[in-house]
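Just below is one structure, and these are the notes that go with it.
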Amino acid sequence: MKPFDIIIVGGGGAGLYAAMEAMKTNPSLNIAVLSKVYPNRSHTSAAQGGANAALANTAKDDSVELHIFDTIKGSDYLADQDAAEVLCTEAPKIIRELDNMGTPWSRLDDKTIAQRPFGGAGRPRCCYCADKTGHTILQTLYEQCLKKGVVFFNEYLALNLSVKGSRSKGLIAMDIKTGKIEAFTARTVIFATGGYAKMYWNRSSNALGNSGDGQAIAYRAGIPLKDMEFVQFHPTGLRKSGLLVTEGARGEGGYLVNSLGERFMSRYAPEKMELGPRDLVSRSIETEILQGRGFDSPAGKYVHLDLTHLGADLIRQRLPQIREMSMYFEGVDPIEEPIPVRPTAHYSMGGIDTDNQGRTVMEGVYAAGECACVSVHGANRLGGNSLLDILVFGRIAGHTAAEEARSFEPGNITDAELKEHAEEIRSYMQPSGHYERYGALREELGHTLGTNVGIYREASLLRKGIEEIAALRERFKKVRVFDSSDVFNTNLLQVLELRNMLDLSETVAAGAYAREESRGSHTRTDFPTRDDGKWHKHTMATLVDGKLELGEKPVTMGRYELQERTY
Amino acid sequence: MTVSSEQHIEGKRDVTFRVFRLNPQVDSKPYFDDYTIPVERGITVLRALNYIKENIDASVSYRVFCQAGICGSCGMRINGISKLACTTQVWDELPKCREAGIIKIEPLRNLPLLKDLIVDMDPLVGKMKHYRNWVESSMPEPEMGKKEFLVSEEEFSRYDKATDCILCASCVSECSILRANKEYVSPAVLLKSYRMNVDTRDSLHDVRLAELVQDHGVWDCTHCYRCQETCVKNIPIMEAIHGIREDAIECRGLKDTAGAKHAEAFMSDIEKKGKLVEATLPFRTNGVAWTVKNLLPMAVKMILKRRTPPPPPLVKSSKGMKQFREEFREMTEHVKDDHKTHNK
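Those protein sequence lines, which keep their order, are chains A and B. 1 is the number of the first residue of the first sequence in full-length UniProt numbering; add one for each residue after it. 1 is the number of the first residue of the second sequence in full-length UniProt numbering; add one for each residue after it.
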């Protein structure tokens, strides 16, 4: 295969936008998107609520300025202020651009794009399409990519970067359909592989494939990861499956109620109530449950998300997917009775460290979307800012890579490198010395993370978590792939994804242990307050000679001074 | 706690999953494997498959991603019907088993099989491209992002439901035309084409429509309604198909294609006699030359088997034609009015 100018890994919102923008920037470039699923299956489709932009359609007094402030305050002042400015300034343009390309935004009476209130936002600025916003955005982008003739390598799993010195030569990937290991020699690689919150397993709202592939590949190649300890727990996951009930449900007026029948948010966020920011609402639910005011069931403890007072019409019209999911997965019709919910690991604020243009420290390697950490979300992401992030920074990364691609000489990925990968994969299928079951390791990883690196954290728990993760990584060396087929070996896929989650889980736990303060989604019961003196900085996790090294990076400030974060 | 544990046990039983297997690397033909596992009430078919894969046979292969009914990966045939495994409750399937307690799991039909329950989606993507299933914006690219289109609630409502489609290909699998002709456009692509064609922001309506009326296009549908019955998102796919046809007749006239002529012949027969004059239908739809060339052998066979429809003079009008014609006229007027207001 001839060398690519740009290989984009991941076909979700960030990857597809990057592809379109790169083609637009320089149509003569040889660009391809490589994705482990058909792009229209990507997890972008699961984003229900919407995307923030200060269009000022619903609230006429909204402004980009207010959006920037809400984002920075929401991040507990860990976001880089220049990055947040880029995010919010580009927002109205990108939402209109999607409208111009066919995204079916819900509309107001005056025919403009509708906006609704969302947690942590001072104005109703979340643009939406019922509760299928991510799905419709992904469809639009995929359709436009088909129109533009973007080249797709569907059902290819990225394995590793091929690195020479400080330079990337391209990507080594496996064709899932044939099991063949292939070289994608490329001047530039953009990672857009989504988040890593699936490591929390059944306490996660994520798709099975959200195993942080891009982050793990970058990490193994020596590229630093940033703020990995910040994992957002969404307040309202379905009790049994962890699947998500959109914040839109509260935006539309849903109540959170404990077993005493109280709208308990009045204790924690008397003003914003249910529409407090996610970290706060999640902690509030967890506290209610820990203090015995939750409901009990064999599938775990929970509280109620009550929509019954909203009426059948509104629920049918604005929250149809939520109703469907509650009925499918909990057997509850939200028109009739409250939905059982509890917090669920939902979003990874941390990721591959990039600058505002999507560049990583390695020449020719870029990242965007949830797999990157620019950082715009800091210690806590606001609802409606993640779709926005993947769109804005997907586009920027595509643009940057297209501008810079030709300045890099293509390298050469050797057959020896491919052979090495093929042999490693074959080794998992050897019966001798390989007996660990993937399912057991994965369950244990999810359990130890949920218990020891969950919503409430403390030193002794985190130490235990770090030890258990190390033991699991050791056991993984003896993991067995029981399916020896080359064609569509989904068992192998599961194992390779688990390896990525294990590699990353160490950085999450280590970062959480080191950060002796409480900020945003990271809550240390032994250090219950924010410590700006010591910890107003990013955590950097880098793999040096096979060992994790923690470092730091200052937060870029701007016009907003540090303030206490109350709602 | 004790009470719920007891309920727990009550809602548990052994269920057998009869799973279609084919690994093209080693198998020359497909076979079924039976897996009997304990299943609790409330478990989906997908979770049951996960259990089988993790505890009994790691080689069982299927696609799975979001597990929440939105990504469309896990379309498969469960007890003969195409649907998503992640939103199908095992308990709901038990009464539908042909053999008690055995749930049959097979891959989607009408798409090339890759392995076990996995089919190749590329042909579907190819058709989406061929029928230009994207909004070709009426706004030039350099202008994009500067201002939004104004779209009324009514305009939005024309394509709102169609955008629910997650391309799970259940409708593709159930389509009776695709079983006979793999080149047929397919219901999902018709739905998407319709969705683009009614979007006020799109500028490719005529081009798309011209392609849709060609061979293997919109007129090939036989209204079996399987696509609509099976749609996991309850999208009225047939409304979209009818919508394209009505649009085609309105924009391109009745003499445009065999499909349009066929529809017209139907209408005029019903209007005149209240029933079909089948013997002349092929001539009126496809012309004399085509009919003689393509249907003569079949006609001969039909004559030999004495299965020919009666010649036109013998087709008598239905009873109560007078009243029927009045009602018929009223109905057609009604439909025309609807169209006018709809297309304003």
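Using N, Cα and C, we set each Cβ at its ideal position, and we do this for glycine too. Model, not experiment: these values are computed from the prediction.
Please tell me whether residue i has its Cβ less than 8 Å away from any Cβ of chain B.
| i | result |
| --- | --- |
| residue 135 of chain A | yes |
| residue 524 of chain A | no |
| residue 491 of chain A | yes |
| residue 467 of chain A | no |
| residue 333 of chain A | no |
| residue 153 of chain A | no |
| residue 294 of chain A | no |
| residue 325 of chain A | yes |
| residue 13 of chain A | no |
What does residue i touch in chain B if you count any residue whose Cβ is under 7 Å from its own?
| i | result |
| --- | --- |
| residue 26 of chain A | Under the 7 Å cutoff, chain B gives no residues; its nearest Cβ is about 15 Å from residue 26 of chain A. |
| residue 328 of chain A | 69 and 87 |
| residue 112 of chain A | 148 and 150 |
| residue 198 of chain A | Chain B residues near residue 198 of chain A: none, gap ~11 Å exceeds 7 Å. |
| residue 132 of chain A | 164 |
Hey, quick one: how far does the beta strand (DSSP E) through residue i stretch, first residue to last?
| i | result |
| --- | --- |
| residue 173 of chain A | 167 to 175 |
| residue 280 of chain B | Here residue 280 of chain B belongs to no beta strand (DSSP E), and DSSP marks it neither H nor E. |
| residue 366 of chain A | 365 to 367 |
| residue 151 of chain A | 151 to 154 |
| residue 342 of chain A | 339 to 348 |
| residue 390 of chain A | Segment 385 to 404 is the alpha helix (DSSP H) holding residue 390 of chain A; no beta strand (DSSP E) there. |
| residue 242 of chain B | Element bounds for residue 242 of chain B: not the beta strand (DSSP E) but the alpha helix (DSSP H), 237 to 252. |
Taking the alpha helix (DSSP H) that residue i belongs to, which residues open and close that run?
| i | result |
| --- | --- |
| residue 228 of chain B | 226 to 230 |
| residue 13 of chain B | Careful: residue 13 of chain B lies outside any alpha helix (DSSP H), inside the beta strand (DSSP E) at 12 to 21. |
| residue 421 of chain A | 415 to 428 |
| residue 465 of chain A | 459 to 476 |
| residue 302 of chain B | 288 to 304 |
| residue 509 of chain A | 490 to 514 |
| residue 187 of chain A | First-last for residue 187 of chain A: 181 to 191, but that is the beta strand (DSSP E), not the alpha helix (DSSP H). |
How about residue i: is its C-beta nearer than 8 Å to some C-beta of chain A?
| i | result |
| --- | --- |
| residue 31 of chain B | no |
| residue 230 of chain B | no |
| residue 190 of chain B | no |
| residue 23 of chain B | yes |
| residue 91 of chain B | no |
| residue 6 of chain B | Unreliable positioning characterises residue 6 of chain B in this predicted model, as indicated by a pLDDT of 37, which lies under 50. The coordinate reading is nonetheless provided below. Chain A contact via Cβ: absent. |
| residue 164 of chain B | yes |
| residue 72 of chain B | yes |
| residue 94 of chain B | no |
| residue 114 of chain B | yes |
| residue 12 of chain B | no |
| residue 137 of chain B | yes |
| residue 9 of chain B | At residue 9 of chain B, the pLDDT of 45 sits below 50, so the modelled position is not reliable and the matter cannot be decided from this model. |
| residue 344 of chain B | Low local confidence applies: a pLDDT of 47 at residue 344 of chain B is under 50, so the model's placement there is unreliable, with the coordinate-based value given in what follows. No, residue 344 of chain B does not count as interfacial toward chain A. |
At a CB-CB cut-off below 7 Å, which residues of chain A make contact with residue i?
| i | result |
| --- | --- |
| residue 64 of chain B | 208 |
| residue 129 of chain B | 146 |
| residue 160 of chain B | 104 |
Could you tell me which chain A residues have their CB closer than 9 Å to the CB of residue i, listed as they occur along the chain?
| i | result |
| --- | --- |
| residue 201 of chain B | 99, 100, 101 and 102 |
So residue i contacts chain B; which residues on that side make the cut at Cβ distance below 8 Å?
| i | result |
| --- | --- |
| residue 94 of chain A | 145 |
List the residues of chain A that residue i touches, going by C-beta distances under 8 Å, in chain order.
| i | result |
| --- | --- |
| residue 170 of chain B | Chain A residues near residue 170 of chain B: none, gap ~15 Å exceeds 8 Å. |
| residue 197 of chain B | The premise fails here: residue 197 of chain B is roughly 12 Å from chain A at the closest Cβ pair, so nothing lies under 8 Å. |
Starting from residue i, find everything on chain B with Cβ-Cβ shorter than 9 Å and list it in chain order.
| i | result |
| --- | --- |
| residue 405 of chain A | Neighbours of residue 405 of chain A on chain B: none; closest Cβ ~21 Å, over 9 Å. |
3 or more residues per run - each beta strand (DSSP E) lying fully within the stretch 24 to 68 of chain B: As far as the stretch 24 to 68 of chain B is concerned, its whole beta strand (DSSP E) runs of at least 3 residues are 31 to 40.
Would you call the stretch 158 to 171 of chain B in contact with the stretch 218 to 232 of chain B, where contact means no fewer than 3 C-beta pairs closer than 8 Å? Judged by Cβ distances under 8 Å, the stretch 158 to 171 of chain B makes contact with the stretch 218 to 232 of chain B, as three or more pairs qualify.
Can you list, in chain order, the stretches of the alpha helix (DSSP H) that have 4 or more residues and sit fully within the stretch 75 to 160 of chain B? Correct list: 90 to 93, 122 to 130 and 153 to 160.
For the structure I just gave you, are there three or more beta carbon pairs, one from the stretch 5 to 22 of chain A and one from the stretch 390 to 401 of chain A, closer than 8 Å? Taking 8 Å as the limit for Cβ pairs, the verdict is that the stretch 390 to 401 of chain A does touch the stretch 5 to 22 of chain A.
Between the stretch 283 to 292 of chain A and the stretch 15 to 26 of chain B, are three or more C-beta pairs nearer than 8 Å? The answer is no - the stretch 15 to 26 of chain B does not touch the stretch 283 to 292 of chain A, with fewer than three Cβ pairs under 8 Å.
Continuous alpha helix (DSSP H) assignments of at least 4 residues falling wholly in the stretch 183 to 227 of chain B: Here the runs fully enclosed are 187 to 197 and 205 to 212.
Should the stretch 496 to 506 of chain A be called in touch with the stretch 208 to 222 of chain A, which here means at least 3 C-beta pairs below 8 Å? The stretch 496 to 506 of chain A is in contact with the stretch 208 to 222 of chain A.
Does the stretch 185 to 204 of chain A touch the stretch 63 to 70 of chain A, meaning 3 or more C-beta pairs lie closer than 8 Å? No, they do not touch.
Just checking, does the stretch 193 to 200 of chain A make contact with the stretch 343 to 354 of chain A on the three C-beta pairs under 8 Å criterion? In short, these stretches touch, since the Cβ pair count reaches three.
Examine the Cβ distances between the stretch 136 to 154 of chain A and the stretch 453 to 465 of chain A and report whether three or more of them are shorter than 8 Å. Because the criterion of three Cβ pairs below 8 Å is not met, the stretch 136 to 154 of chain A and the stretch 453 to 465 of chain A do not touch.
Just to confirm the assignment: which complete beta strand (DSSP E) runs, minimum length 3, are found wholly within the stretch 289 to 322 of chain A? Runs found: 303 to 306.
Count the C-beta pairs between the stretch 270 to 281 of chain A and the stretch 318 to 333 of chain A that are closer than 8 Å, then say yes if the count reaches three, no if not. No, the stretch 270 to 281 of chain A is not in contact with the stretch 318 to 333 of chain A.
Indicate whether the contact test is met: 3 or more Cβ pairs, each with one atom in the stretch 141 to 149 of chain B and one in the stretch 84 to 100 of chain A, closer than 8 Å. Touching, per the Cβ criterion.
Inter-stretch contact at 8 Å, needing at least 3 Cβ pairs: the stretch 550 to 567 of chain A / the stretch 237 to 248 of chain A: Because the criterion of three Cβ pairs below 8 Å is not met, the stretch 550 to 567 of chain A and the stretch 237 to 248 of chain A do not touch.
Which ranges would you report for the alpha helix (DSSP H) in the stretch 109 to 158 of chain A if only whole runs of at least 4 residues count? Counting only runs of 4 or more residues that sit fully inside the stretch 109 to 158 of chain A, the alpha helix (DSSP H) segments are 133 to 148, in chain order.
Hey, is the stretch 369 to 384 of chain A in contact with the stretch 73 to 82 of chain A, meaning 3+ C-beta pairs nearer than 8 Å? Segments in contact, yes.
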